[in-house]
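A.B. asks: Starting off with a structure, shown below.
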Amino acid sequence: MKLTERFKEGKFVITCEVGPPKGIEVEKIIDELEPLRSKIDAFNVTDLQSSVLRLGSLATCRLLKEKDFEPICQLTCRDRNRLSLQSDILSAAVLGIENLLCLTGDHPQLGDHPEAMPVFDLDSVQLLSAAKGLMNGKDMAGNDLEGQPPQFALGATVNPGAEPLEPQIIKMEKKIDAGAEFFQTQAVYEVDKFANFCEKVEHLKVPVMAGIVFLKSPGMARFMNANVAGVYVPDSIIDELTSAGKEKRVEKSLEISARLIRELKDLCQGIHIMALGWERHVAAVLEMAGL
Amino acid sequence: MLFTQNKPTEEVLESLGAESKIFLLACNGCAEVCETGGEKALSTIKAELEKAGKNLTGTALVDFLCNKVLVAARLAREMDKIEQAESILVLSCGVGVQAVAKVVDKVVHPAANTVSLGGLQGLWPADERCQACGDCALDYTGGICPITFCAKSLLNGPCGGAQDGKCEVDSEKDCGWQLIYERLEKIGRLENLKKFHKARDHSKMLPSRDLRETSFYDIETKT
Ligand code: SF4
Ligand code: SF4
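For the protein sequence lines, the chains are A and B, in the order given.
If you want our numbering, it's the 1-based position in the first sequence plus 355.
If you want our numbering, it's the 1-based position in the second sequence plus 121.
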């Protein structure tokens, strides 16, 4: 089912990120998702996240589909030129995938194959526009597709904590014009700042899903502050985690996430959880957040 | 030598848009050889602009527009006329256009596409870079090259990975799109960011048959 249908139903939509394994052992991720079946609307399968070689998004999405989970296929511009990207979009349709999330992608320099050629033949706006074109029966060169064109719900990303924010919002508008129908955001820890962002994009009338990343330790929070663009974990949260001590840390961390979700819930149309290995805790957090 | 080819007149006029007061600046180096700069190109484009109803506040010819010191010194004499203009139309390679944008806070429009860097690279002593993409976008980015200054050569705005204005790839390097944003804000052209830039035509990077048949191209590439 297209994610856009869920928004139309007026549902508060919950998605969760799935990182394919570095290898071909897929049983583990499927097992971890099983308890989330009834709680999560769709699972975002990453496309070589952080430019680290892994199993592909398309194959993993198909696998989820076979197990009756709803996948969102992430597609980045890092590794493929426009021929390859358009072909993969068609392949996704044939494999029964109905949701595509179009991203620029990280630079290969950040991953485990820094020697790789950065492709970026298209950027995220052009990729959305290419996908939309295929949905209208035309490829990027203007040639007609044969038969029924593919249909997808197209998603995109935005970083509400970016500074300056203005170019992010302008790009968000361009993504909407190009075909984006829903947005997922970078991790959010500052509710006020996110509220300000929501106010600025309200007129765009497009569903926004706030990003939730579980903070596993105070060290991880500090690392994100130093290295992740547009993400700032306030000192108060870091202190809370620190003072919980080692034994209570997991519990505290989940409590913080649940609280954030409760506070963000009325500001946006859904949340996107990036559990980073803590998939087993997702159900508990949602429960604590009253979802 | 850098090889350049004139943008079609319609494209130049479209990029000038409603601006009516223009200062015309031509390079007398590599661009003169390619006939995209120099005296001859200057008078041709001058006539075309006048035909299109544009008002030229002045013209200038500089030996090597890629040399910022030379450009700054030469333009100092023309400052009155430049001030009166809404924008500068630059007849040179991408490096020349970038150098002009660095020394004057005016909207710059490239009149040519840089298609090949050939062997020797003009004077080019500074940090401006051109990858000879063949479809110069400097008018839209305020004279800062998105192909060379952005690690992903993005055309539709920042990737969102910049941290404190530095690129996600290298914390020592400025994010090209942050620079473009600041520059557009300074020259009052933020609306440029709203324009959808379609995907690059990579075939434009190949020097055309016309260009390949010039004797200069032969001298440059075959000797
Ligand atoms: S956009 Fe950049 S790479 Fe392309 S011609 Fe202009 S200066 Fe050169
Ligand atoms: S951080 Fe800036 S310069 Fe670096 S890839 Fe992203 S947009 Fe380009």
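From the three backbone atoms N, C-alpha and C, an ideal C-beta is built for every residue, glycine too.
1) Starting from the C-beta of A/Ser-484, find all residues in its chain whose C-beta is less than 6 Å away, skip the five residues before and the five after it, and write them out in chain order.
2) CA-CA distance, B/Lys-128 and B/Val-236?
3) For ligand 2, which residues have a Cβ under 5 Å from at least one heavy atom, in chain order?
4) Less than 8 Å between the C-beta atoms of B/Pro-267 and B/Ala-253, yes or no?
5) Between A/Met-564 and A/Phe-538, how many whole angstroms is the CB-CB distance? I'm expecting something under 8 Å.
6) Examine chain A for any beta-carbon lying closer than 8 Å to the beta-carbon of B/Glu-289, and answer yes or no.
7) Let me check one thing: in DSSP terms, what residues is B/His-230 bridge-paired to?
8) Quick one: does A/Leu-649 have its CB under 8 Å from some CB of chain B?
9) Between B/Asp-184 and B/Leu-191, which are expected to be in contact by the criterion C-beta below 8 Å, what is the C-beta distance as a whole number of angstroms?
10) Evaluate A/Ser-393 with the Cβ neighbour count: other Cβ atoms within 10 Å of its Cβ, from every protein chain shown; 16 or more gives buried, anything less gives exposed.
11) Use the C-beta contact count for B/Gln-299: other C-beta atoms within 10 angstroms, 16 or more gives buried, fewer gives exposed.
12) Could you compute how far the alpha carbon of B/Leu-238 sits from the alpha carbon of B/Cys-251?
13) Taking 7 Å as the cut-off, is the CB of B/Gly-217 close to at least one heavy atom of ligand 1?
14) Can you tell me whether DSSP reads B/Ser-237 as helix, strand or coil?
15) Going by alpha carbons, who is nearest to B/Thr-180 out of B/Cys-187, B/Glu-160, B/Ala-193?
16) Could you give the distance in angstroms between the alpha-carbon of A/Gly-625 and the alpha-carbon of A/Val-588?
17) Please report the distance separating the alpha-carbon of A/Glu-618 from that of A/Val-546.
18) Output the residue ranges of the beta strand (DSSP E) runs that lie fully inside the stretch 542-629 of chain A and measure 3 residues or longer, sorted by chain position.
19) Unbroken alpha helix (DSSP H) runs of length 4 or more, entirely within the stretch 474-529 of chain A: which are they?
20) Buried or exposed: A/Pro-469, going by 16 or more other Cβ atoms within 10 Å of its Cβ?
21) Name the residue from A/Val-474, A/Asn-454, A/Leu-455, A/Leu-456 whose alpha carbon lies nearest to the alpha carbon of A/Pro-463.
22) Let me know if B/Glu-289 comes out buried or exposed under the rule of 16 or more other beta-carbons within 10 Å of its beta-carbon.
23) Find the residues of chain B that neighbour A/Ala-542, judging by a C-beta separation of less than 9 Å, and give them in chain order.
24) When the cut-off is 8 Å and only beta carbons count, does B/Phe-270 lie next to chain C?
25) Taking 8 Å as the threshold (beta carbon to beta carbon), is A/Leu-509 in contact with chain B?
26) Mind checking B/Leu-327: buried by the 16 CB within 10 Å criterion, or exposed?
27) Does the Cβ of A/Ile-379 have 16 or more other Cβ atoms within 10 Å, making it buried, or fewer, making it exposed?
28) How would you call A/Ser-612, buried or exposed, if buried means at least 16 neighbouring beta carbons within 10 angstroms?
C.D. replies: In short:
1) Here residue 484 of chain A is taken as the residue at index 129 of the first sequence, counted from 1. Ala-533, listed in sequence order.
2) Taking the second sequence and counting its residues from 1, one reaches residue 128 of chain B at position 7. Taking the second sequence and counting its residues from 1, one reaches residue 236 of chain B at position 115. Cα to Cα, the separation comes out at about 11 Å.
3) B/Cys-271, B/Ala-272, B/Lys-273, B/Pro-279, B/Cys-280, B/Gly-282, B/Ala-283, B/Cys-288, B/Glu-289, B/Cys-296, B/Gly-297, B/Trp-298
4) As a working mapping, residue 267 of chain B is identified with position 146 in the second sequence. As a working mapping, residue 253 of chain B is identified with position 132 in the second sequence. Cβ distance not < 8 Å, so B/Pro-267 and B/Ala-253 don't count as in contact.
5) Taking the first sequence and counting its residues from 1, one reaches residue 564 of chain A at position 209. Taking the first sequence and counting its residues from 1, one reaches residue 538 of chain A at position 183. Confirmed, about 7 Å.
6) As a position in the second sequence, residue 289 of chain B is number 168, starting the count at 1. At least one chain A Cβ lies under 8 Å of B/Glu-289.
7) Counting from 1 along the second sequence, the entry for residue 230 of chain B is found at position 109. B/Leu-210.
8) Lying outside 356 to 646, the shown extent of chain A, residue 649 of chain A is not represented and no answer is given.
9) As a first step, residue 184 of chain B must be located in the second sequence, where it is residue number 63. As a first step, residue 191 of chain B must be located in the second sequence, where it is residue number 70. About 7 Å separates the two Cβ atoms, so the contact holds.
10) For the purposes of this step, residue 393 of chain A is taken as residue 38 along the first sequence, with counting starting at 1. Burial call: exposed.
11) By 1-based counting over the second sequence, the position of residue 299 of chain B is 178. Answer is buried; the Cβ neighbour count reaches 16.
12) Here residue 238 of chain B corresponds to residue number 117 of the second sequence, with the count starting at 1. Here residue 251 of chain B corresponds to residue number 130 of the second sequence, with the count starting at 1. Cα to Cα, the separation comes out at about 8 Å.
13) Position 96 of the second sequence, counted from the first residue, corresponds to residue 217 of chain B. False, no ligand heavy atom lies under 7 Å from that Cβ.
14) Taking the second sequence and counting its residues from 1, the one referred to as residue 237 of chain B is at position 116. Strand, per DSSP.
15) The residue given as residue 180 of chain B occupies position 59 in the second sequence. It is B/Glu-160.
16) Residue mapping note: residue 625 of chain A aligns to position 270 of the first sequence, counting from 1. Residue mapping note: residue 588 of chain A aligns to position 233 of the first sequence, counting from 1. Approximately 21 Å between the Cα atoms of the pair.
17) Taking the first sequence and counting its residues from 1, one reaches residue 618 of chain A at position 263. Taking the first sequence and counting its residues from 1, one reaches residue 546 of chain A at position 191. Whole-angstrom Cα-Cα distance: 7 Å.
18) 563-568, 625-629
19) 479-490
20) As a position in the first sequence, residue 469 of chain A is number 114, starting the count at 1. That one is exposed.
21) Translated into the one-based positions of the first sequence, residue 463 of chain A becomes position 108. Cα-wise, what sits closest to A/Pro-463 is A/Val-474.
22) Along the second sequence, read from residue 1 onward, the residue named residue 289 of chain B stands at position 168. When all chains shown are included, B/Glu-289 counts as buried.
23) Taking the first sequence and counting its residues from 1, one reaches residue 542 of chain A at position 187. Per Cβ cutoff of 9 Å: no residues; A/Ala-542 is ~12 Å from chain B at best.
24) The displayed structure is made up of protein chains A and B, and chain C is not among them.
25) Here residue 509 of chain A refers to the residue found at position 154 when the first sequence is read from its first residue. By this cut-off, A/Leu-509 is not an interface position.
26) Position 206 of the second sequence, counted from the start, is the residue given in the question as residue 327 of chain B. Classification for B/Leu-327: exposed.
27) Here residue 379 of chain A refers to the residue found at position 24 of the first sequence. Under this definition A/Ile-379 is an exposed residue.
28) Residue 612 of chain A sits at position 257 when you count from the first residue of the first sequence. Burial call: buried.
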